[in-house]
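Asker: Before anything else, here's the structure in question.
Right, dumping it as structure tokens:
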């Protein structure tokens, strides 16, 4: 007569798929919760490495912002302590990326940011006749992107050159700086106006909405 019994190992093996499925669901729920709170999957990975038994999303809410600020502040302090500041002000994106690379280690992230920023400044210095401050400001404004920073610097340099060629203006002239500010304000105003026009609703669409 056949015996219908199962070993303890058999029973355990049946539970393994259920446990894995439950863990997958929990992870999926945590990812969605993190996204709702404005955190990325890379942020969440760092949290899992450091949160212990704490909810990783809560850990991010308590720690992530201050970690980014610390990286930015420490890198800036390093630059300020040097006679020739070749770091400037880091963007949040640069600090985040370094923290992702170094799994949340702040000091390693600071070193990464300093070396990257020095490399970017050197690259832009040899690419054109830009001052170190202009380069640092452009990198900070453009989230550390070298290509976009170069485009901004080149555009600003062309504007300066155009105004310098105007009668009565020199490179150190206050009128030149005022003219540049006026033109930049005009560019910003035009961009804002284009944005409003693009955002303006179509009257036909509004009419259709009112029919409901």
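In the numbering used here, the protein residues as written are 6 to 217.
Glycine included, C-beta positions come from ideal geometry on N, C-alpha and C.
If you're wondering where the values come from, they're calculated on a predicted model, not measured in any experiment.
Measuring CA to CA, which of 135, 164, 122 and 137 is closest to residue 150?
Answerer: Nearest option by C-alpha distance: 122.
Asker: Just to confirm, are residue 48 and residue 69 a CB contact at a threshold of 8 Å?
Answerer: Contact flag set, yes.
Asker: Which residue from 143, 132, 81 and 88 puts its Cα closest to that of residue 120?
Answerer: It is 81 whose Cα lies nearest to the Cα of residue 120.
Asker: From residue 164 to residue 112, what does the alpha carbon distance come to, in whole angstroms?
Answerer: Taking the straight line from one Cα to the other gives about 40 Å.
Asker: Within 10 Å of its beta-carbon, does residue 195 have 16 or more other beta-carbons around it, so buried, or fewer, so exposed?
Answerer: Because the pLDDT of residue 195 is 46, which lies under 50, any placement of that residue in the model is unreliable, and the number read from its coordinates should be weighed accordingly. Exposed, since its Cβ has fewer than 16 Cβ neighbours within 10 Å.
Asker: Compute the Euclidean distance between the alpha carbons of residue 89 and residue 109, then round it to the nearest angstrom.
Answerer: Approximately 29 Å between the Cα atoms of the pair.
Asker: Excluding sequence positions up to five away, which residues of its chain have a Cβ less than 6 Å from the Cβ of residue 102?
Answerer: Cβ within range, chain order: n/a, list empty.
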